[in-house]
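Chemist: Chains as they are written, first to last, in numbering that gives the first Met the number 0: chain A, 0 to 334; chain B, 0 to 334; chain C, 0 to 334; chain D, 0 to 334. Each residue gets a CB set at the ideal place from its N, CA and C atoms; glycine is no exception. Below: one structure in structure tokens.
Protein chains: 4
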Amino acid sequence: MLIYPVAEKCTDKFAAEIAALLACSGIRTHHTQFGDRRVIVADDNAAAVLPIIQQHSKSIEATLDVPETYQLTSKRVRPGGTVIKIRDFAVGGGHFGIIAGPCTIETEKQVLTAAERVKKGGATALRGGAFKPRTSPYAFQGLKLEGLKILQKAAEETGLVTVTEAMSSDEVKLVAEYADIVQIGTRNAQNYRLLETCGEMRVPILLKRGYGCSLDEFLMSAEYILAGGNDRVILCERGIRTFENYVRYTLPIAAVPMLKMLTHLPLVVDPSHAAGRADLVSKLSFASTAAGCDGLLVEVHPDPQHALCDGRQSLTPEEFAVMTEKCRKIRELLV
Amino acid sequence: MLIYPVAEKCTDKFAAEIAALLACSGIRTHHTQFGDRRVIVADDNAAAVLPIIQQHSKSIEATLDVPETYQLTSKRVRPGGTVIKIRDFAVGGGHFGIIAGPCTIETEKQVLTAAERVKKGGATALRGGAFKPRTSPYAFQGLKLEGLKILQKAAEETGLVTVTEAMSSDEVKLVAEYADIVQIGTRNAQNYRLLETCGEMRVPILLKRGYGCSLDEFLMSAEYILAGGNDRVILCERGIRTFENYVRYTLPIAAVPMLKMLTHLPLVVDPSHAAGRADLVSKLSFASTAAGCDGLLVEVHPDPQHALCDGRQSLTPEEFAVMTEKCRKIRELLV
Amino acid sequence: MLIYPVAEKCTDKFAAEIAALLACSGIRTHHTQFGDRRVIVADDNAAAVLPIIQQHSKSIEATLDVPETYQLTSKRVRPGGTVIKIRDFAVGGGHFGIIAGPCTIETEKQVLTAAERVKKGGATALRGGAFKPRTSPYAFQGLKLEGLKILQKAAEETGLVTVTEAMSSDEVKLVAEYADIVQIGTRNAQNYRLLETCGEMRVPILLKRGYGCSLDEFLMSAEYILAGGNDRVILCERGIRTFENYVRYTLPIAAVPMLKMLTHLPLVVDPSHAAGRADLVSKLSFASTAAGCDGLLVEVHPDPQHALCDGRQSLTPEEFAVMTEKCRKIRELLV
Amino acid sequence: MLIYPVAEKCTDKFAAEIAALLACSGIRTHHTQFGDRRVIVADDNAAAVLPIIQQHSKSIEATLDVPETYQLTSKRVRPGGTVIKIRDFAVGGGHFGIIAGPCTIETEKQVLTAAERVKKGGATALRGGAFKPRTSPYAFQGLKLEGLKILQKAAEETGLVTVTEAMSSDEVKLVAEYADIVQIGTRNAQNYRLLETCGEMRVPILLKRGYGCSLDEFLMSAEYILAGGNDRVILCERGIRTFENYVRYTLPIAAVPMLKMLTHLPLVVDPSHAAGRADLVSKLSFASTAAGCDGLLVEVHPDPQHALCDGRQSLTPEEFAVMTEKCRKIRELLV
């Protein structure tokens with residue numbers, strides 16, 4: 000349940016009073032910023048909370064009963080949806096954001112080429128990994144700071160918004176200095192300390208679904224970030240682990256309309272990691288767009304054959320441009 | 000590997016000679032009708048077979064190396080795709096077939112109403128269960144023969160093609176007398192004796208994927224039917240079992256483009272059984288269409304609230320009509 | 000809910016009266032034989048049924064409220080457990096039944112050798128496939144009738160009880176003439192017409208869990224057989240389909256104690272098909288025994304290297320004998 | 000492939016020379032401590048590496064070809080198995096280590112009571128959560144430092160070895176000051192930065208399998224720790240996510256013998272989190288022991304009914320004592 004104090008009561012002191020009051024009934028509370036206002040989240044159902052807070056009715060502007068286990072993430076809290084806009088990139092609330100680029104930042108030339116090509120192909124944001132979560136400790140771990148600088152340069156030259164992954168709290172802070180959006184990968188989707196750090200930041204976070212996570216768990220991971228005061232979260236569905244063996248992960252397409260019903264957060268789909276093979280990526284992009292997602296995160300490499308990593312799942316810039324054009328038309332048709 | 004004898008050699012006698020020859024090398028063969036010609040399937044790789052049959056080169060018109068475990072089902076055998084046409088219903092090879100109707104045949108009135116409404120809404124085929132595979136032996140098992148007669152009457156009145164399930168070899172034969180297409184359900188997807196009976200029939204078969212089956216197993220089930228001489232098989236993806244809990248089954252959307260690459264058989268998607276809830280069905284239909292399927296199998300009930308079975312996953316005729324119109328536009332756009 | 004009429008009322012006529020009475024309240028009933036008595040199964044909860052039948056209280060000996068969706072299969076119906084005994088083979092109710100033998104019946108010599116070896120190694124029943132459910136229609140489908148005769152001969156020579164699979168209603172009847180126990184395979188676990196035929200028989204049925212089935216679905220499949228009047232069903236856990244890739248199927252060991260809590264039917268485990276590799280079979284047998292199963296179904300081949308089918312998952316007779324001896328000790332220890 | 004330099008060459012300088020040499024052929028290397036010796040890991044196959052290092056044959060004592068993707072974790076590297084001993088607790092290499100205690104550290108009294116009871120019941124190590132990875136950011140997150148102090152006190156009073164979870168690099172360092180073994184939870188199983196920190200420590204690490212991870216991924220996570228120089232890793236199987244719904248996670252029992260074949264690291268099983276219900280825990284413990292694990296991690300609470308967290312999956316101390324006694328006997332029997 001959410002409790003919105005009136006303007007003059009939006010203080011930690013008042014929140015502490017409410018907290019003390021509810022604690023007597025065994026109800027835990029949490030005080031945070033949500034968008035442009037302060038809110039107290041009471042970890043319990045309305046029936047128990049309401050009578051207790053009625054005595055403070057003059058100090059409380061509104062309450063909102065949210066029956067889900069997640070609270071700030073619930074669609075009920077912001078029915079119109081959250082829009083995240085950075086320069087020409089916008090996602091959510093009717094905006095479709097296309098993020099594209101190579102899996103890994105290899106060289107300045109590779110990234111600049113890719114950036115120009117994906118921009119021309121319809122992307123408004125550029126992805127590229129500087130810190131790479133590799134299954135093997137001996138594999139190439141990314142160019143790290145050098146990669147961030149290359150990404151930043153590509154942003155300056157093209158105007159594209161940049162998205163790159165961070166795997167620790169320190170990396171989140173570092174990435175936030177160089178990139179526009181910090182990505183949290185599937186393997187860290189329930190790394191709660193990392194999510195807490197994301198909650199303290201004001202940089203938008205692209206949060207990937209853990210490949211073994213239920214939708215509820217995915218939304219609870221987002222809730223960690225929102226509970227910290229950062230409501231600029233973009234969800235990313237990237238496939239789950241099942242018995243299917245012709246793809247790396249199974250893209251559970253029903254998650255797209257389902258998440259759109261459950262949460263106000265924008266949702267993009269990553270067809271590249273889901274499929275693990277380029278020949279399915281365009282069709283999965285069409286399907287995701289038709290299912291109602293708010294954007295795509297696609298691997299595009301100027302020269303997939305020679306990519307350091309994940310080349311077999313990367314589109315060429317030409318394929319990408321054809322694909323985005325069709326996605327644009329599908330969206331027009333369905334809105 | 001497929002071996003096509005020249006016209007005058009398309010006899011069981013010649014096939015037996017080839018079989019005997021290959022058996023010496025431990026290679027098993029199978030002689031059958033495929034479309035309008037006879038073919039010998041050699042259950043082995045080309046390298047082993049070719050030298051053996053070269054001595055019969057004058058009797059053999061062509062051979063085709065099919066490296067997959069399935070043979071007649073492979074895309075290589077009929078790259079242009081199989082088209083199945085019955086009256087106004089057509090699926091495959093560029094045709095999009097929409098099959099709709101109630102889960103269960105309840106009354107003549109219900110079926111006739113549903114038939115008229117789904118026809119108006121864009122369907123060219125009518126579905127409805129007369130023999131129902133129920134998890135409980137005590138649950139309503141369908142109207143059986145009476146249901147088939149109702150379905151037939153609805154076909155006569157509306158011209159719609161009819162599809163209904165059979166669960167045993169005897170039922171296949173009975174259904175084939177009353178309906179246009181025999182459906183084999185997900186629970187019988189690996190009921191090989193039933194598939195063999197389907198192979199002996201000349202009625203088109205709508206074969207659902209087993210919810211625990213891999214794509215290879217799905218195609219091998221189709222192969223059982225084709226091996227029997229019946230190449231009029233419509234595949235139906237209807238969702239697989241995973242850990243996801245907000246839907247009854249997970250619709251693995253990548254299976255759509257993948258199957259279109261692997262096989263020449265037409266592929267329809269059943270979003271109703273996949274989702275198990277009506278509020279996701281339209282979006283899953285858009286996604287499936289965008290992913291390239293050849294048609295849809297959708298539950299529509301004139302009065303979902305009072306359906307005997309599966310009401311919560313049925314669209315109303317109005318929702319159905321809106322949905323098919325959008326699917327039509329998506330297809331236009333993507334072809 | 001189960002309704003047991005008094006002895007003189009155990010007639011179809013009385014059952015029809017009760018059925019008519021309950022039908023007025025929309026409750027479906029089913030009249031069948033369960034063990035040595037007749038029972039009426041009312042497909043509804045006690046609260047609705049009880050007042051209606053009270054007026055027949057003198058004709059009704061007892062009622063039993065079974066809250067599960069399955070009824071006759073529930074542990075509540077026979078808390079002491081069902082024992083199935085045939086000659087020296089016994090399973091359930093404290094008896095541990097070991098069934099072993101080759102995947103496929105190849106030759107008389109192979110089966111007789113295997114039979115003698117597994118008997119010496121501790122088995123009291125012999126398995127071997129005459130009708131083989133092969134994924135490919137072109138693969139060897141078993142020796143069929145000839146195989147059944149070989150199996151019968153092995154039974155005569157060794158006294159071993161025999162278990163072999165049937166895939167259609169006709170095959171069930173044929174198998175019942177030659178073998179002691181009819182096996183229904185994982186691919187037919189929800190072939191309801193086949194299960195109905197099994198319900199009409201009086202031969203014991205070994206019912207394998209469908210590899211995609213929930214426990215509830217597994218028990219409902221057994222219920223189909225019990226509802227037909229055949230309560231001699233042996234359940235067999237043989238692994239489910241998951242993302243694990245070092246085994247063919249995942250053996251969900253918790254299913255063993257869980258099923259023992261839910262049902263009175265004996266439960267054996269098939270570690271061979273679960274693992275798909277011989278080097279895990281003994282350890283899975285120990286684990287299953289320790290988890291409380293009532294027996295094992297193990298593939299043993301006199302010469303695994305040269306088996307026609309599934310050789311890589313077969314134990315040698317020597318390995319088998321060592322394994323059964325340890326299982327025997329684990330059981331002694333835990334009882 | 001592993002390269003062991005002769006004693007006088009076990010320097011970073013020599014490793015750098017070898018690295019430079021192999022880098023020319025595109026082979027990446029890593030120099031680390033493994034147990035009591037230095038080793039160079041070459042991320043490539045023997046065939047490519049061997050000729051290159053032959054010119055340094057006098058400086059190289061031995062090489063070991065490890066075909067698996069994990070290297071130091073492979074069974075080949077230490078066929079006798081790794082033993083981890085702390086006071087009376089020992090696991091691996093024939094030792095069976097039983098770790099038990101409450102899910103969460105609630106009060107000093109609760110922990111001391113639990114410690115005494117589990118010690119009496121056969122445990123040599125005490126578990127208890129101070130930092131709790133909760134799905135909800137609003138749920139109780141553990142007593143943190145205060146909890147660590149309580150745990151330490153319990154260790155002092157009972158002599159039990161202590162195990163508790165850490166969720167960030169900072170927490171790993173803090174926990175290592177108060178507890179004997181640091182646990183990495185299932186949600187952080189692929190948190191590579193955290194695993195790197197564990198690699199820098201000399202405290203033993205109990206690494207839980209990610210519930211969505213393959214065995215290869217699990218072993219690669221361990222490899223991150225070993226690559227950092229810490230070979231004191233205890234693996235913990237705790238169940239995977241599947242479609243099964245009567246348990247929280249499916250315990251894939253075959254993983255136990257499989258992991259024992261693949262790696263030298265000790266393996267314990269956590270039946271409590273796998274089942275999520277107390278009534279299955281003892282049976283799963285018997286099964287795991289029979290399958291060959293090296294120990295157990297079990298939730299035991301003096302008063303499960305009133306536990307703050309996970310009470311429904313906790314054994315009572317009495318149940319625990321009965322269970323460990325049986326596990327002891329199973330082990331005796333199987334060794």
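Assuming the contact rule is C-beta atoms closer than 8 Å, R240(C) and A274(C) should be a hit. Round their C-beta distance to whole Å, please.
Modeler: By one-based count along the third sequence, residue 240(C) stands at place 241. By one-based count along the third sequence, residue 274(C) stands at place 275. Contact doesn't hold; Cβ gap of about 14 Å is too wide.
Chemist: So is N244(C) buried or exposed if we call it buried at 16+ other beta carbons inside 10 Å?
Modeler: Stepping through the third sequence from its first residue, residue 244(C) is reached at position 245. N244(C) should be labelled exposed.
Chemist: What residue does the alpha helix (DSSP H) around P256(B) start on, and which one ends it?
Modeler: Here residue 256(B) refers to the residue found at position 257 of the second sequence. From DSSP, the alpha helix (DSSP H) with P256(B) extends over 254 to 261.
Chemist: Taking CB distances under 9 Å as the criterion, tell me whether R247(B) reaches chain C.
Modeler: Working through the second sequence from its first residue, we reach residue 247(B) at position 248. Chain C contact via Cβ: absent.
Chemist: Which of the three DSSP states is assigned to P4(B) in this structure?
Modeler: Against the second sequence, residue 4(B) aligns to sequence position 5. Here P4(B) sits in strand by DSSP.
Chemist: Quick one: residues in its chain with C-beta nearer than 8 Å to the C-beta of T262(B), no 5 flanking neighbours on either side, listed in chain order?
Modeler: Here the question's residue 262(B) lines up with position 263 in the second sequence. Taken in chain order, the residues that qualify are Y69, T72, S73, K74, L218, A221, L234.
Chemist: Looking at chain B, is there any beta carbon in it that lies within less than 9 Å of the beta carbon of M322(A)?
Modeler: Along the first sequence, one-based indexing puts residue 322(A) at 323. Using beta-carbon distances, M322(A) does not count as an interface residue toward chain B, since no partner is under 9 Å.
Chemist: With Q32(A) as the anchor, note down where its beta strand (DSSP E) starts and where it stops.
Modeler: Against the first sequence, residue 32(A) aligns to sequence position 33. Q32(A) -> beta strand (DSSP E) spans 28 to 33.
Chemist: With DSSP run on the structure shown, which of helix, strand or coil describes Q54(D)?
Modeler: Here residue 54(D) corresponds to residue number 55 of the fourth sequence, with the count starting at 1. Three-state result, Q54(D): coil.
Chemist: For K57(C) and A6(C), what's the separation of their Cα atoms in angstroms?
Modeler: In the third sequence, residue 57(C) corresponds to position 58, counting from 1. In the third sequence, residue 6(C) corresponds to position 7, counting from 1. Taking the straight line joining both Cα atoms gives about 11 Å.
Chemist: Return the CA-CA distance between D295(C) and E176(C), expressed in angstroms with no decimal places.
Modeler: The residue labelled residue 295(C) in the question sits at position 296 within the third sequence. The residue labelled residue 176(C) in the question sits at position 177 within the third sequence. The question names Asp, but residue 295(C) in the sequence shown is Leu. Between L295(C) and E176(C), the C-alpha separation is close to 24 Å.
Chemist: Can you give me the C-alpha to C-alpha distance between A99(D) and P270(A), rounded to a whole angstrom?
Modeler: Taking the first residue of the fourth sequence as 1, we reach residue 99(D) at position 100. Taking the first residue of the first sequence as 1, we reach residue 270(A) at position 271. Going from the Cα of A99(D) to the Cα of P270(A) covers about 43 Å.
Chemist: Nearest to M257(D) by CA position, among P316(C), T31(C), L279(C), is which residue?
Modeler: Position 258 of the fourth sequence, counted from the start, is the residue given in the question as residue 257(D). Among P316(C), T31(C), L279(C), the Cα nearest to that of M257(D) belongs to L279(C).
Chemist: Kindly give me the distance between the Cβ atoms of G91(A) and Y210(D), rounded to whole angstroms, as I take these residues to be in contact under 8 Å.
Modeler: Taking the first residue of the first sequence as 1, we reach residue 91(A) at position 92. Taking the first residue of the fourth sequence as 1, we reach residue 210(D) at position 211. Wrong, their Cβ atoms sit about 30 Å apart, outside the cutoff.
Chemist: As a quick exercise: from L63(A), K84(A), E145(A), pick the residue whose alpha carbon is nearest that of L159(A).
Modeler: Here residue 159(A) refers to the residue found at position 160 of the first sequence. Of the candidates L63(A), K84(A), E145(A), the one whose C-alpha sits nearest the C-alpha of L159(A) is K84(A).
Chemist: Under a Cβ-count criterion, where at least 16 other Cβ atoms within 10 Å of its own Cβ denotes burial, should H30(A) be classed as buried or exposed?
Modeler: Taking the first residue of the first sequence as 1, we reach residue 30(A) at position 31. Classification of H30(A): buried, given that the 10 Å Cβ count is 16 or more.
Chemist: Can you check which of these residues, M260(B), V297(B), G310(B), S313(B), is closest to G79(B) by C-alpha distance?
Modeler: Here residue 79(B) refers to the residue found at position 80 when the second sequence is read from its first residue. Among M260(B), V297(B), G310(B), S313(B), the Cα nearest to that of G79(B) belongs to M260(B).
Chemist: Where do the N-terminal and C-terminal ends of the alpha helix (DSSP H) with T196(B) fall, by residue?
Modeler: Looking up residue 196(B) in the second sequence gives position 197. Note, T196(B): alpha helix (DSSP H), 191 to 199.
Chemist: If contact means a Cβ-Cβ distance below 9 Å, which residues of the stretch 240 to 274 of chain C contact chain A?
Modeler: R240, T241, F242, E243, N244
Chemist: Between the beta-carbon of S313(A) and the beta-carbon of V334(A), is there less than 9 Å?
Modeler: To locate residue 313(A), count along the first sequence from 1; it is residue 314. To locate residue 334(A), count along the first sequence from 1; it is residue 335. No, these two residues do not count as a Cβ contact at 9 Å.
Chemist: Report yes or no: is there a C-beta of chain B within less than 9 Å of the C-beta of M200(C)?
Modeler: Numbered from its first residue, the third sequence carries residue 200(C) at position 201. Chain B contact via Cβ: absent.
Chemist: Are the stretch 39 to 51 of chain D and the stretch 0 to 15 of chain D touching, with three or more C-beta to C-beta distances below 8 Å?
Modeler: yes
Chemist: With DSSP as the reference, identify every bridge partner of R126(B), one or two as the case may be.
Modeler: Numbered from 1 along the second sequence, position 127 holds the residue referred to as residue 126(B). DSSP, once it has assigned bridges, lists V162(B) as partnering R126(B).
Chemist: Here's a check: name, in chain order, each residue in its chain whose Cβ is nearer than 6 Å to the Cβ of T161(C), leaving out the five neighbours to either side.
Modeler: One-based indexing of the third sequence puts residue 161(C) at position 162. Only L125, L150, A154, A178, D179 meet the Cβ criterion.
Chemist: Of the choices K325(A), C308(A), V297(A), whose alpha-carbon is the least far from that of V117(A)?
Modeler: Residue numbering aside, residue 117(A) sits at position 118 when the first sequence is read from its first letter. Here the closest residue by C-alpha is V297(A).
Chemist: Does S24(C) get closer than 9 Å to chain B when you measure Cβ to Cβ?
Modeler: The residue given as residue 24(C) occupies position 25 in the third sequence. By this cut-off, S24(C) is not an interface position.
Chemist: Run through chain D and tell me which residues come within less than 9 Å of D293(A), C-beta to C-beta.
Modeler: To locate residue 293(A), count along the first sequence from 1; it is residue 294. Correct list: empty, because the minimum Cβ distance to chain D is about 24 Å.
Chemist: Going along the stretch 59 to 79 of chain B in order, which residues come within less than 9 Å of chain C, judged by CB to CB distance?
Modeler: Within the stretch 59 to 79 of chain B, the residues whose Cβ lies closer than 9 Å to some Cβ of chain C are T68, Y69, Q70, listed in chain order.
Chemist: Who are the Cβ neighbours of L147(A) in its own chain at under 6 Å, not counting the five residues just before and after it?
Modeler: If you number the first sequence from 1, residue 147(A) lands on position 148. Cβ neighbours of L147(A) beyond the five flanking positions: A129, Y177.
Chemist: Within 10 angstroms of the Cβ of Q304(D), are there 16 or more other Cβ atoms? Answer buried if so, exposed if not.
Modeler: Position 305 of the fourth sequence holds residue 304(D). Classification for Q304(D): exposed.
Chemist: Are the CB atoms of L193(C) and M338(C) within a distance shorter than 9 Å?
Modeler: Outside the modelled stretch of chain C, which goes from 0 to 334, sits residue 338(C), for which no answer is possible.
Chemist: Which same chain residues end up closer than 8 Å to F13(A) when comparing Cβ atoms and leaving out the 5 residues on each side of it in sequence?
Modeler: In the first sequence, the residue the question calls residue 13(A) occupies position 14. Hits under 8 Å: P4, S58.
Chemist: Does the ligand HEM have even one heavy atom less than 8 Å from the beta-carbon of F95(D)?
Modeler: In the structure on display, the ligand HEM does not appear, and there are no ligands present to speak of.
Chemist: Once you ignore the five residues that flank P301(D) on each side, which residues in its own chain have a CB closer than 7 Å to its CB?
Modeler: For the purposes of this step, residue 301(D) is taken as the residue at position 302 of the fourth sequence. So the list reads Q109, T112, A113, R116, P316, once near-sequence residues are dropped.
Chemist: Using the beta-carbon count (16 or more within 10 Å), is S281(C) buried or exposed?
Modeler: Sequence index remark: in the third sequence, residue 281(C) carries index 282 (1-based). Around the beta carbon of S281(C), a 10 Å sphere encloses 16 or more other beta carbons of the protein chains shown; the residue is thus reported as buried.
Chemist: Quick one, which of V181(D), K152(D), R237(D) has its alpha-carbon nearest N229(D)'s?
Modeler: Here residue 229(D) refers to the residue found at position 230 of the fourth sequence. Selected option, being the one with the closest Cα: V181(D).
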